[in-house]
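Structure, as structure tokens:
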Amino acid sequence: MTLVRCPYCGHEFNYDPNNPICPNCGAVVAPPSQPQQTGQQMSAAAATRYVIYAVKQDGSRERVAEVFEGGPEVVLGRYDLYNYAWRDPDTMSRIHVRFVVKNGKLYVRDDGSTNGTYIDGKDIRGKGEVELPPGGEVLLVNPKAPVVKLIAEQA
């Protein structure tokens with residue numbers, strides 16, 4: 408494996424092409440052979456930023472990732488969200504949900520997780536990028552008894 412530096416948060420880690428996600432900030436990092444923007448270039452280009460939070464059963468929340476306009480999509484799955492699961496964390500897919508910012512809006516995509524991703528109770532599997540409305544909730548696995556509840560706020 409090759410040591411790389413995340414262009415968004417500056418964290419150094421061993422690049423794994425099967426899991427190209429920065430363990431510090433959750434950004435998808437391009438392979439070492441591809442050019443990467445620096446954090447300064449990214450912040451200059453980033454007009455909009457969202458913070459994604461996992462909501463715990465007691466109602467408190469914890470920051471999971473940030474996603475930037477013009478930046479890479481944020482990919483979350485079983486290993487990233489295991490500690491936030493309300494129940495049965497193994498029912499989440501390895502790559503369960505993706506977040507991306509385009510034109511100042513946050514979009515969510517589920518490319519076919521086994522048990523689904525729901526925005527305000529509606530299954531978005533296979534529907535491409537679906538806008539997350541302000542105040543909207545992303546529920547993983549079951550809308551009536553979710554395994555994980557995610558919310559996002561513009562930063």
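Taking this note's numbering, the leading residue of the sequence shown gets 408, the next gets one more, and so forth. Beta carbons are placed, not taken as given, at the ideal position from N, Cα and C, and that holds for glycine.
Residue state for Asp-423 is assigned as coil, using DSSP reduced to three classes. With fewer than 16 other CB atoms across the displayed protein chains lying within 10 angstroms of its CB, Arg-494 is exposed. Val-515 sits away from Leu-483, with the two beta carbons spaced by 8 Å or more. Secondary structure of Asp-517 (DSSP, three-state): strand. When secondary structure is reduced to three states using DSSP, Asp-487 falls in the helix class. Here the alpha carbons of Val-504 and Cys-416 stand approximately 21 Å from one another.
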